[in-house]
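Here the structure is laid out as structure tokens; the discussion comes afterwards.
In the working numbering, the protein residues as written are 3 to 293.
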């Protein structure tokens, strides 16, 4: 179970190493397997390559001495920038890479395959490919996903789609691959269908809860898993009222972790975002899961 790590910003919306360390310290206390750095949850689509490299370095330093594995998300539209991010992560001691498919234009499957082929060959790190139709605007076909997973250097997939039948078929076709499920609010369904773990935004705040949810599923304790998933869904519902990333930043501030704002144009949908999240997280059933 990996937190899709948030990014610390100063009040002007610039990357803040100090506030990144605040986030890292909190998340690393939660007993997760590791951190997924530089992904959509970290506002990577609004950051420059230099900022993403700076974040990689700060997180690598924060994780030193912790039992945490680091996955660097390097999937930006430019292959050249993705390769630079991948090589920087390898030099910093990251354990794996991941990448959105190129997403600035309606790339063909052949172009996407060529992108991943070059990226997977650029370092010795295993690559986690990514199926996320809500971000790319289109799902990959099953055969394309199989071809991706069978590429040399590809170790698995982050599957953020509600097409659970395709998830199941892909698992049967690629039994040696790792499967990470990406929808926090329905993680229980991915786990029931054989996901090896999850990568999620709300794990930043409630990582202990998600670790317990995964453990309950592996122990066959469905009632406990359903109870924990219900809490997860209540938290996600609150975020949707605010906007997911602004809501997460508000939740961090509400529990005393200074992380700064989201970068424009991301803004909260409601004025009282922090009070809203504070009221939720002060409820006993949530408070017990905070690190």
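Yeah, the Cβ is synthetic: ideal placement off N, Cα and C, and Gly gets one too.
Can you check whether the CB of residue j is closer than 8 Å to the CB of residue i?
i, j, result
"residue 205", "residue 3", "yes"
"residue 199", "residue 29", "no"
"residue 253", "residue 207", "yes"
"residue 120", "residue 150", "no"
"residue 219", "residue 8", "no"
"residue 6", "residue 202", "yes"
"residue 230", "residue 256", "no"
"residue 169", "residue 192", "yes"
"residue 58", "residue 86", "no"
"residue 180", "residue 157", "yes"
"residue 73", "residue 101", "no"
"residue 226", "residue 45", "no"
"residue 83", "residue 125", "no"
"residue 64", "residue 23", "yes"
"residue 118", "residue 153", "yes"
"residue 21", "residue 276", "no"
Is it buried or exposed, residue i, if we count other Cβ atoms within 10 angstroms and call 16 or more buried?
i, result
"residue 96", "buried"
"residue 159", "buried"
"residue 104", "buried"
"residue 287", "exposed"
"residue 295", "Beyond the ends of the chain as shown, which are 3 and 293, falls residue 295; an answer cannot be given."
"residue 285", "exposed"
"residue 26", "buried"
"residue 32", "buried"
"residue 244", "buried"
"residue 54", "buried"
"residue 66", "exposed"
"residue 162", "buried"
"residue 110", "exposed"
"residue 147", "buried"
"residue 242", "exposed"
"residue 40", "buried"
Our contact map puts residue i next to residue j with C-beta atoms below 8 Å; I'd like the distance itself, whole angstroms only.
i, j, result
"residue 2", "residue 233", "This structure gives no information on residue 2, because the portion of the chain shown stretches from 3 to 293."
"residue 184", "residue 131", "Not a contact, Cβ separation roughly 12 Å."
Excluding sequence positions up to five away, which residues of its chain have a Cβ less than 7 Å from the Cβ of residue i?
i, result
"residue 68", "30"
"residue 18", "10, 11, 12 and 262"
"residue 114", "103 and 104"
"residue 280", "256"
"residue 144", "168, 171 and 172"
"residue 258", "none"
"residue 123", "155"
Within its chain, find whatever has a CB closer than 8 Å to the CB of residue i; leave out the 5 residues flanking it on each side and keep chain order.
i, result
"residue 330", "Outside the shown range of the chain (3 to 293) lies residue 330, about which nothing can therefore be said."
"residue 211", "230, 233, 234 and 291"
"residue 166", "191, 192 and 195"
"residue 268", "45, 48, 245, 247 and 248"
"residue 182", "4, 130, 158, 159, 160, 161, 197, 198, 199, 200 and 201"
"residue 141", "133, 135, 163, 165 and 168"
"residue 274", "none"
"residue 14", "none"
Is any beta-carbon of chain B found at less than 8 Å from that of residue i?
i, result
"residue 261", "In the structure shown, chain B does not exist; there is a single protein chain."
Excluding the five sequence neighbours on either side, which residues of its own chain have a C-beta within less than 6 Å of the C-beta of residue i, listed in chain order?
i, result
"residue 106", "79"
"residue 223", "none"
"residue 270", "244, 245 and 248"
"residue 127", "92, 98 and 99"
"residue 216", "3"
Give the list of continuous alpha helix (DSSP H) stretches no shorter than 4 residues that lie fully inside the segment 114-173.
If only uninterrupted alpha helix (DSSP H) runs of at least 4 residues are considered, those enclosed by the segment 114-173 are 135-138 and 144-151.
Please give the ranges of any beta strand (DSSP E) in the segment 20-89, keeping only runs that are unbroken, at least 3 residues long and fully inside the region.
Correct list: 36-39 and 71-75.
I'd like the ranges of any beta strand (DSSP E) spanning at least 3 consecutive residues and lying wholly in the segment 162-246.
The segment 162-246 contains these whole beta strand (DSSP E) runs: 180-183 and 199-202.
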